[in-house]
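Taking it in order: structure first as structure tokens, then the write-up.
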Amino acid sequence: MTGPFRENVEDERFELEVEGHVAFIAYRIVHGEMVLVHTEVPEALGGRGVGADLARRTFALLRSTGRKALVTCPYLVAWLGKHPEDRDVGTPLE
Numbered sequence: 001m002t003g004p005f006r007e008n009v010e011d012e013r014f015e016l017e018v019e020g021h022v023a024f025i026a027y028r029i030v031h032g033e034m035v036l037v038h039t040e041v042p043e044a045l046g047g048r049g050v051g052a053d054l055a056r057r058t059f060a061l062l063r064s065t066g067r068k069a070l071v072t073c074p075y076l077v078a079w080l081g082k083h084p085e086d087r088d089v090g091t092p093l094e
């Protein structure tokens, strides 16, 4: 169902390609810390678990590269509430 996943450093976002569309999690670097600020899934992909797959892959990448992030995006704050196993790399700021 999903295609390539990558970090696009130039645009400060994690991207997941699906059927010619790009879903992404945008981040900013603030005082040297990564802050996940927004998740966007194209309407054509809504309701298919693309946002969840993107979140899983993003937190897995952070973990595998030894990074952590603060999280202000409401979708990801809710995700971390349901998936506490990812709080080792994502700290929600509610």
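Counting in UniProt numbering, the sequence shown runs from 1 upward without gaps.
Virtual Cβ for every residue (Gly too), placed ideally from N, Cα, C.
The model shown is predicted, which means the values in this text are computed figures rather than measured ones.
Check                                                                                                       : Outcome
From G51, R67, Y75, residue whose alpha carbon lies closest to that of I29                                  : R67
Touching by the beta-carbon criterion (3+ pairs, under 8 Å), the segment 35-48 and the segment 80-87        : no
Beta-bridge partners of H21, as assigned by DSSP                                                            : V18
8 Å Cβ shell around V71 - same chain, five flanking residues per side excluded                              : V35, L36, V77, L80, G90, T91, P92, L93
E19 classed as buried or exposed, judged by whether at least 16 other C-beta atoms fall within 10 angstroms : exposed
Those residues which DSSP pairs with H38 across a bridge                                                    : A26
Endpoints, the beta strand (DSSP E) within which E69 is located                                             : The amino acid at residue 69 is misidentified as Glu; the sequence shows Ala. Counting along the chain, the beta strand (DSSP E) containing A69 begins and ends at 69-71.
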